[in-house]
Amino acid sequence: MSASATRTAPLPEASRSWLGRVAWHWRYDPKLELWIGWWAMIVFYQLYGLLFFLVTRIQPPPDPSFDVPRIVQWFGDRHHGLLIGFGIVFLITGMLGAVNALLAYSMRRMSVSPAFAYSYLLIYSLSAVPGMLLTCIALVVGAMRPDRDPRLISWLYDFAFMAFDGTMGVFLIGSLVWMAAILLDRNRVFPKWFGYLNLCNALTEVVVAPAWIFKRGVFAWDGAITWWIDMVVFVIYTGVFITLIRKMIVREDFGTGPLPE
Amino acid sequence: MKNLATPASFVPGQPDMWAFVLFEAMLFTGYFSVYMVCRMQSPELYLRSQAQLDLRVGVFNTLVLLFSSWSIARCVQAAREGRHPAALRGAFLTSFLGLVFLASKVLEWSREIRKGFQFTTDGFSSFYYFLTGIHFLHLLIGFVVLGVVVYQLWSPARRSQELVETGATYWHTVDFLWVMIFSLLYVMR
Chain A
0 MSASATRTAP LPEASRSWLG RVAWHWRYDP KLELWIGWWA MIVFYQLYGL
50 LFFLVTRIQP PPDPSFDVPR IVQWFGDRHH GLLIGFGIVF LITGMLGAVN
100 ALLAYSMRRM SVSPAFAYSY LLIYSLSAVP GMLLTCIALV VGAMRPDRDP
150 RLISWLYDFA FMAFDGTMGV FLIGSLVWMA AILLDRNRVF PKWFGYLNLC
200 NALTEVVVAP AWIFKRGVFA WDGAITWWID MVVFVIYTGV FITLIRKMIV
250 REDFGTGPLP E
Chain B
0 MKNLATPASF VPGQPDMWAF VLFEAMLFTG YFSVYMVCRM QSPELYLRSQ
50 AQLDLRVGVF NTLVLLFSSW SIARCVQAAR EGRHPAALRG AFLTSFLGLV
100 FLASKVLEWS REIRKGFQFT TDGFSSFYYF LTGIHFLHLL IGFVVLGVVV
150 YQLWSPARRS QELVETGATY WHTVDFLWVM IFSLLYVMR
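Those sequence lines, one after another, are chains A and B.
As numbered in numbering that gives the first Met the number 0, residues 0 to 260 make up the first sequence, in order.
As numbered in numbering that gives the first Met the number 0, residues 0 to 188 make up the second sequence, in order.
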């Protein structure tokens, strides 16, 4: 990054074509890696919504109190969607590496200890396993082995959604690490209110815990409190941090002091 | 530390904390709305279950937290007037009252559980443990916040009035949420 930053770069001309501007950024923009991470984040979250809500149709989550024949039917109804959708998920999961690196970078740009960035990177690198991949694997197994004992299919169904909705502890700790870094930071990388929003997000991660206990009602994994309200907070939180990271990249000066406004 | 060049804020403490207050208020409005809807669906069951709670404990909890709001307000006022030892006493009194609240809540929970009134007993009991539990968590975070307030007041080298007021804002929010929870769970019939 620093090597490319020192190159003499002709300014991009406004009259250049879109492709020309992309070529200019690719060749000269010292923030290229940051923009790649940011675009990876945009593409990943767009695909995530598309694949989980429309292709596989596993979100909003189905009823946890389905009986065994209904669960087998549920897998049958989504057979192709699960295979195609999660096939793509397995392909794009690697993009999370760039996303996590960008979030950790935001903490490295702060005035706080590097321990924040590295612990966050470690936590979020592991979080995709219980938070997403286990669900995908379990549901793909269920879809690919419809001839198995229906009770095993039913077990996979429970396992998949319990893993997806009930393992928010890693995200909780990650949000608290980011919050602490933002509140202690003196480089004004993010506004303090975003630090407090991280706390709100962390608290909603606790709220999903009752999904382990309840099979129906507002505290089950498809419940109004456990899923719907949490999903609203998650969407707001994600939209906010994508916007703020974009602003951070625009403001980035590769120095060590406060980020310019 | 507040920058002298920036114009005075129109709210006490960091405006950022007020964004948190608003967001939390919206979030709890969601929880309360869901509770009200569920309650309307089976009013008899909720009334019967609600009768298990001891209103006197709820009133005691509320008075303790309101008193703690008063003491943190006294802390802020004393800090504004430069009476930092008095401000510290206010912060310590607030912490003590917070501890009294926590202890009384734990005792109340253990008594209810011994009576067989548990998280999964019925719809009302689930909301009771959920709402008081999530509030309990906010209160635990409040002790970290009070720690920051005490840290600021302790040394003349720090004493950021903005951080003291930000901490007080958080504490008042926790009290405000409790008053709402108390009204919905203990009082409303």
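Just so it is clear, CB atoms sit at the ideal spot from N, CA and C, and this is done for glycine as well.
Supposed close pair residue i, residue j - CB separation, criterion 8 Å
i	j	result
F170(A)	I181(A)	Actually they are not in contact, since the Cβ atoms of F170(A) and I181(A) sit about 16 Å apart, beyond 8 Å.
I122(A)	I172(A)	6 Å
R250(A)	L258(A)	5 Å
E161(B)	G12(B)	6 Å
W220(A)	P63(A)	5 Å
W177(A)	N197(A)	5 Å
Q58(A)	F52(A)	5 Å
L64(B)	F27(B)	The pair is not a contact, with the Cβ atoms about 15 Å apart (cut-off 8 Å).
R77(A)	T55(A)	6 Å
V163(B)	L87(B)	Not a contact, Cβ separation roughly 10 Å.
A137(A)	T92(A)	Contact doesn't hold; Cβ gap of about 15 Å is too wide.
Closest residue to residue i among the options (Cα-Cα distance)
i	options	result
L136(B)	S70(B), W177(B), V186(B) and L21(B)	W177(B)
V205(A)	G75(A), D28(A), W25(A) and D229(A)	D229(A)
L133(A)	R147(A), P149(A) and D157(A)	D157(A)
N99(A)	S110(A), W211(A), K191(A) and I241(A)	I241(A)
Y185(B)	Y45(B), F22(B), G29(B) and S70(B)	Y45(B)
A179(A)	V147(B), L152(B) and T168(B)	V147(B)
A167(B)	T120(B), Y30(B) and S94(B)	S94(B)
G130(A)	K214(A), F163(A) and F213(A)	F163(A)
C199(A)	A219(A), F213(A) and L175(A)	L175(A)
G132(B)	S67(B), V105(B), V36(B) and V56(B)	V105(B)
F115(A)	S124(A), L125(A), A103(A) and S126(A)	A103(A)
L202(A)	K214(A), F233(A) and P190(A)	F233(A)
Y34(B)	W153(B), A18(B) and D121(B)	D121(B)
A208(A)	F129(B), T172(B) and E164(B)	F129(B)
F59(B)	A72(B), R79(B), F31(B) and L96(B)	L96(B)
A50(B)	A156(B), V149(B), P155(B) and Y127(B)	Y127(B)
V56(B)	P84(B), A86(B), M25(B) and R110(B)	R110(B)
Residue i, buried or exposed, once every other Cβ within 10 Å from all chains shown has been counted against 16
i	result
V21(A)	exposed
P42(B)	exposed
T255(A)	exposed
R26(A)	exposed
H134(B)	buried
G89(B)	buried
Q40(B)	exposed
R188(B)	exposed
G48(A)	exposed
L101(A)	buried
S182(B)	exposed
R151(B)	First, the residue type needs correcting, since residue 151(B) is Gln and not Arg in the sequence shown. Q151(B) should be labelled buried.
D146(A)	exposed
S70(B)	buried
S189(B)	The question about residue 189(B) has no answer here: the residues shown for chain B are numbered 0 through 188.
D174(B)	buried
L3(B)	Only weak support exists for where L3(B) lies, its pLDDT of 44 falling under 50; the coordinates are left without a value.
T225(A)	buried
L18(A)	exposed
L120(A)	buried
K114(B)	exposed
F218(A)	buried
V36(B)	exposed
T119(B)	exposed
S32(B)	exposed
V88(A)	buried
Own chain partners of residue i with C-beta closer than 7 Å, once the 5 adjacent residues on each side are dropped
i	result
V139(A)	L81, L82 and F85
I248(A)	K30, L33, W34 and W37
Y169(B)	M16, G141 and V144
K214(A)	P63 and S64
V188(A)	S105, R108, M109, M247 and L258
A261(A)	Only positions 0 to 260 of chain A appear in the structure, and residue 261(A) is not among them; the question remains open.
V107(B)	Note that residue 107(B) is Glu in the sequence shown, not Val. Only V56 meet the Cβ criterion.
Residue i: CB within 7 Å of a non-hydrogen atom of the ligand GDP
i	result
T168(B)	Because no ligand of any kind appears in the structure shown, any question about the ligand GDP cannot be addressed here.
Cβ neighbours of residue i in the same chain (closer than 6 Å, five flanking residues each side left out)
i	result
P149(A)	V67 and V71
R185(A)	S110
L54(B)	Y185
G141(A)	F74, I152 and L155
F116(B)	Q51 and S124
G165(A)	A210 and W211
R157(B)	Q151
Neighbourhood of residue i by C-beta distance below 8 Å, restricted to the same chain and skipping five residues each side
i	result
R107(A)	P113 and A116
D252(A)	L258 and P259
S16(A)	none
P155(B)	H83
Within the region 100-150 of chain B, ranges of the alpha helix (DSSP H) (whole runs, at least 4 residues): none
4-residue-minimum alpha helix (DSSP H) runs that sit fully inside the region 51-90 of chain A, ordered along the chain: 67-76
Contact set between the region 195-217 of chain A and chain D, restricted to residues whose Cβ is under 8 Å from the partner: No chain D is present in this structure, whose protein chains are A and B.
Within the region 15-47 of chain A, ranges of the beta strand (DSSP E) (whole runs, at least 3 residues): none
Length-filtered (4 minimum) alpha helix (DSSP H) runs lying within the region 31-61 of chain B: 42-49
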